[in-house]
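Report on the structure given below.
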Amino acid sequence: MDFMSNPLNVVTFFPLIGVLLLLFVNKENKVLIRWISLLTALATFGLSLWLLSQFQPANPNLQLTINESWIQVANWNISYYMGVDGLSILLVLLTAFLTPIALLSTWSAIEEREKDFNIFFLLLEAGMLGVFMAQDLFLFYIFWEFTLVPMYFLIGIWGGPQRIYASIKFFLYTMAGSLLMLLAILWLGIHQGTFAVPDLIRMGGIPAETQIWLFLAFAIAFAIKVPMWPLHSWLPDAHVQAPTAGSVILAGVLLKMGTYGFIRFNLPLFPKAAIHFAPMMAGLAVVGIIYGAIVSYYQQDIKKLVAYSSISHLGFVMLGLFALNSQGIQGGILQMINHGLSTGALFLLVGMVYEQTHTRDFDVYGGLWKIMPVYGSIMLVVTLSSMGLPGLNGFVGEFTILLGAFGSEAIGSPWFAGLSAIGVILAAVYMLYMYQKIFLGPTGSIVETVKEHGHALRDLSAREIITVAPLLIFIFWIGLYPKPFFELIAPAVDNLVAILQAAMH
Amino acid sequence: MNFSEAATSGLFFHLAPWLVFFPVIGLLINMIFGGKMSEKAVGTVASLASGAAFVVSVLLAYSLNAVHGELQTVPFAEWIHIGQLQLDWTFRVDSLSTVMMLVVSGVGTLIHIYAIGYMHEDVRFHDEVKRFRRFFVFLNLFIAMMMILVSGDSYLMLFVGWEGVGLCSFLLIGFWYDFDTLGRKSTANAEAGKKAFIANRVGDFGFLLAIFTTFWHFGTLQFDGVFEAAAAHPDPYVISAITLFMLIGVTGKSAQVPLYVWLPDAMAGPTPVSALIHAATMVTAGVYLVVRSAPLYSVVHSASYIVAMIGAVTALFAATIAVGQYDIKKVLAYSTISQLGFMVAAVGTGAYVAGIFHLAAHAFFKALLFLSAGSVILGMERGHHHLAHGHGDHADADAHHEDGEVFDPGDMRNMGNLRKQMPVTFWLYLAGTLALAGIFPFAGFWSKDEILLDAKLHAEHFPGVYWLLAIAAFLTAFYMGRQIWMVFYGKERTEVAKHAQESPPIMTVPLMFLAFLAVFGGALNLPFEGFHNLGHWLEYTIGHVEDLPLNLGVAGVSTLLALLAIFLSWLIYGKNPIKAGQPDPLKKALGPIFTGMENKWFVDEGYKAVVLDPFQKLAKFLSITLDWNFWHDWFHESVIYGFFKWLAAFLSDPVDMGIINAVADWLADLTKRSSESLRRLQNGFVRSYALSVLLGVVAILGYLLFK
């Protein structure tokens, strides 16, 4: 296939066209800037659907691949290798889907230096798409690190009062983890003679002891990104300080890069180590689920609550992945998408009320359902989705994960899943706490405070409803009829499970 | 699955999904167009939607009868298929599910109609007209979820409905989320809703574990598949685990010891909700689940004995609390817990028919009682309203300052002699009371007697159950007698009671239907040759059922106990009616025991001390001390950041002077020119630390590569 017309390249680099256009726009022309970046993101999403239309769900292998020799120095064989399969296709779609939504939310939230903001955002999108498509370890690492930069600036320039601290912390933690991964990548690439992931998987033959070290080097990088307990302390800062759109992308996509890394590299490249570490990873996941849930409950800041809830939710994803069976892994992948939708929506919605009130302190809220009925109803659906109510998306993911983990041979004990199921109770505790604090009870003091500033709290605008509506559609769709989504995931996961099974016996 | 097929066969099984679709359509219409519709129209749409589900239920029951009760499954769509896990949206029409459908949609529709009248006044008193529509949307959603619960063909579909009705319960308990039950601004109602949801989630946790265990041992979650596998490999250890995990779910949803605590608080919801969800239908889901899982429960005796004992203990325990309550709805709430205990005890002892029989009869008379209580409360409200706005200052002051408190229209101590002002409600209430107390020939007499008889016959295997239930039955008649005397007899204890007003026909007419069922509902399953209709109907699903003839001994004892209890209540509350401000006469007689009953045996306080407070403390410790102060601040600053600083200094000092510094300066200069805030970010951090760390890596790599 021709290099420039390969769908993967087109999708990945299309956002850069928007960046180029934006460079030539006067920074005062805000309307044009907004529309250029929104249309670019929408077109990217359209192109990702075009990509989907060429994707064959039944084929378990990498598809639409492009593999060009790139850097050849001494015994380094680095190639420009892109491809998608069932493990990544949904994440590509999620990225392309969430970006325009996040951009639309900035129209009223970002008022300074919109041009720079939009440029960084589109750069970020290109980087994220590349991460999910790269099949060469070196190429992956470049995309992986590349996403750090725009996010660093998005938090550091447009964030809240503590933005500098938060952005540095974000940068520091992620980079620290990445460096170990880089070492492992280089070792692997040089030692095996190729950086191409499919080739490495095919070759196999890494001794179990070496697998353990390589596994750990990759795992630390990814575990920080997820973040897994106890490596999470950058997350509340980054989330609370990031602008709404940044939080949406951070929670929706960037964290998934961590879980995706596990499934793309750790499981198939080091299957023996994955089996060896499965109980430990599951244990950390369980602690994360319970710990994240309890800590969420005791937050005073709405965004912080949602941030900590991510630790709990991603604990479920990790538990599913390390069940190392098809229910667990498929559920884990679906739950990545679900978390992107639900938590993305939560951050959007919190941002919408924050724009009006400029506070996220629970104590001043209360009774908003009466004043903002549409907002209250939408938030209710998202809250329920996040706490895994059957019929909505979160349940399908959590249920399959827990079911998979409960009978997982690799984890070896139903206790892990049994304890995690307590997280289902705790999710109701903290999510309903949040909902009640904001929407139920007598009206809070914020209503008066806003009035004193000469406004009145208004319900969602048409633009705001349009922003969240697509998320709601998928929340119901995946909850009621997840078949098309599982069909995309299943063949590739079966392949992966077969690799793991082979290593197990 | 198409209409022409149905037309030729004359059967209607393909309509099963419409059990769910009709209520969903109803709620969608009200959600989308309801804003421009009148109250009447909104209520009518919702009632029709529920009524349509009832019609479907009737058609399904009719069709099932035509095929001699042979189980029918109606596949609708695929759901989750992963490997061995094959879950579909498939409806199940059998004799058990049709009974549940009929009860739910039948009683549900009557309550929808009643609610049109009730909510009109309720929203008036709360001064918020807009919420009328929201109420009916939730009510329709409840019917849809309940239908999924009873008609699903797998444990997971049942679970969807199970959690779905829990959601509706949460939404409707906290319907007046900005008030408490007395209409004061408060989060109390919202708290009650949350408590219900969380207590139910604790139960659901158990249910989920049961589902997982089932799947990994039997390889499916579809009912028949599970039962077949269980019959083929009746491993008592596995089946005990499954049934006991499931029992946790039952204690949550059907409000049994120890998870019942949410149900009394659930009375914060509008009265039609208490009647529909928290008495007639949702709370019986646990009973349905046990009957549905009969092939599992009947395998392991110890598990079914635990079920029976939980039910029997709950029946007695809740009945004692009901004796000490003053709120008209609280009495009924504890009574409901107690009656659910009867049902759970029945299905625990294997008396599935008796359990379902009592479930249906209870749905009739308890819905009747709750709705009549709602009529009483609104009657009192009207009196209160009348006094407050109809007369001069004196009446107003009087009405608002009963004991210097906000006036409570549901407190029985404020009532008295209401049969004079509200004669229709009185007769309805009396019918419900006699049915609940188990007086011949009302519905409760037959159904409760069947439970007692079964317990007595199986006393050998289930020791204690019969006696606990018999005492509970005695207390039931007593607290209902107490209520009748306090509410409808004696003298009016307040001005308001004197001015109470009867409810309009839209409320009383549906009650008459229910009263009819409460009186004659026993005909469902009379203990005479040829009249065991329900039993034979359920045989299609649960296998052979023994026809129990009327046992005059058991029936005689329980009737005697009930009459004795009513007589006793008359002696205490009827002969010398309580006067305004006078404490309950039982207080003197029973002393601390009555204080215990009055205070619900301090169970809520116990939970607070043992569960809630420690959880708060733990959450505070984890989030403030451990996560934030220690991990986020101290560890980050001292260890991680400190290490980076040290590393950066170590690596950069020797090299920093030369090339790196130049490159970094150039970078800093570049960003300085490009923007002010970008420069702020370049406060030496990225330059000194990040860059030099990268440099360190390059050094290590160089060593690795060229060593």
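Top to bottom, those sequences are chains A and B. Start counting the first sequence at 4; every next residue gets the next number (my numbering). Start counting the second sequence at 428; every next residue gets the next number (my numbering). C-beta: ideal position from N, C-alpha, C; glycine also.
Three-way DSSP call (helix, strand, coil) for residue i in this model
i, result
"Ala413 (chain A)", "coil"
"Ser72 (chain A)", "strand"
"Arg909 (chain B)", "helix"
"Ala1007 (chain B)", "coil"
"Asp88 (chain A)", "coil"
"Ser82 (chain A)", "strand"
"Asp304 (chain A)", "strand"
"Asp838 (chain B)", "strand"
"Val520 (chain B)", "strand"
"Lys612 (chain B)", "strand"
"Ser474 (chain B)", "helix"
"Asp580 (chain B)", "coil"
"Leu443 (chain A)", "coil"
"Val833 (chain B)", "coil"
"Glu919 (chain B)", "coil"
Cβ of residue i within 9 Å of any chain A Cβ
i, result
"Arg519 (chain B)", "no"
"Val596 (chain B)", "The question names Val, but residue 596 (chain B) in the sequence shown is Ser. No, Ser596 (chain B) does not count as interfacial toward chain A."
"Thr536 (chain B)", "no"
"Gly620 (chain B)", "yes"
"Glu590 (chain B)", "yes"
"Ile666 (chain B)", "no"
"Leu1105 (chain B)", "Reliability fails at Leu1105 (chain B), whose pLDDT of 46 lies under 50, so the model's placement of it is uncertain and no value is given."
"Arg628 (chain B)", "yes"
"Phe1077 (chain B)", "no"
CB contact check: residue i to chain B, cutoff 9 Å
i, result
"Lys373 (chain A)", "yes"
"Phe146 (chain A)", "no"
"Phe365 (chain A)", "no"
"Gln439 (chain A)", "yes"
"Asn328 (chain A)", "yes"
"Ile428 (chain A)", "yes"
Residue closest to residue i, alpha-carbon to alpha-carbon, out of the options
i, options, result
"Lys259 (chain A)", "A:Ile340, A:Ile292 and A:Ala276", "A:Ile340"
"Gly426 (chain A)", "B:Gln511, B:Gly633 and B:Ile543", "B:Gly633"
"Trp516 (chain B)", "B:Ser524, B:Gly510 and B:Thr500", "B:Thr500"
"Gly782 (chain B)", "B:Gly470, B:Asp1040 and B:Leu961", "B:Leu961"
"Trp997 (chain B)", "B:Trp912, B:His789 and B:Ile1020", "B:Trp912"
"Ser522 (chain B)", "B:Pro444, B:Ala619, B:Pro502 and B:Leu486", "B:Leu486"
"Lys621 (chain B)", "B:Ile543, B:Ile638, B:Arg611 and B:Phe602", "B:Phe602"
"Glu114 (chain A)", "A:Val34, A:Leu189, A:Val76 and A:Tyr176", "A:Val34"
"Val530 (chain B)", "B:Leu857, B:Ala712 and B:Phe1077", "B:Ala712"
"Thr921 (chain B)", "B:Gly843, B:Val577, B:Ala473 and B:Glu548", "B:Gly843"
Proximity of residue i and residue j at Cβ, strictly below 9 Å
i, j, result
"Ala129 (chain A)", "Phe17 (chain A)", "yes"
"Phe915 (chain B)", "Arg809 (chain B)", "no"
"Ile502 (chain A)", "Pro274 (chain A)", "yes"
"Ser985 (chain B)", "Gly865 (chain B)", "yes"
"Met131 (chain A)", "Phe146 (chain A)", "yes"
"Ser299 (chain A)", "Val290 (chain A)", "no"
"Ala303 (chain A)", "Gln244 (chain A)", "Sequence check: residue 303 (chain A) is Gln here, not Ala. No, they are not a contact pair."
"Phe319 (chain A)", "Asn396 (chain A)", "no"
"Met375 (chain A)", "Leu435 (chain A)", "no"
"Leu474 (chain A)", "Gly331 (chain A)", "no"
Sequence-distant residues of the same chain with beta carbon closer than 8 Å to residue i, five excluded per side
i, result
"Ala657 (chain B)", "Phe645, Ile666, Pro722, Leu723 and Val726"
Same chain only: Cβ atoms within 6 Å of residue i, ignoring 5 sequence neighbours per side
i, result
"Ser250 (chain A)", "His242 and Phe350"
"Leu1138 (chain B)", "Outside the shown range of chain B (428 to 1134) lies residue 1138 (chain B), about which nothing can therefore be said."
Any non-hydrogen atom of the ligand SAM closer than 8 Å to residue i Cβ
i, result
"Ala495 (chain A)", "With respect to the ligand SAM, the structure shown offers nothing to examine, as it has no ligands at all."
Beta-carbon proximity list for residue i, same chain, < 7 Å, skipping 5 on both sides
i, result
"Gln511 (chain B)", "Gly646"
Review point. What residues in the region 297-329 of chain A have a beta carbon less than 9 Å from any beta carbon of chain C?
Key: Among the protein chains in the structure shown, which are A and B, there is no chain C.
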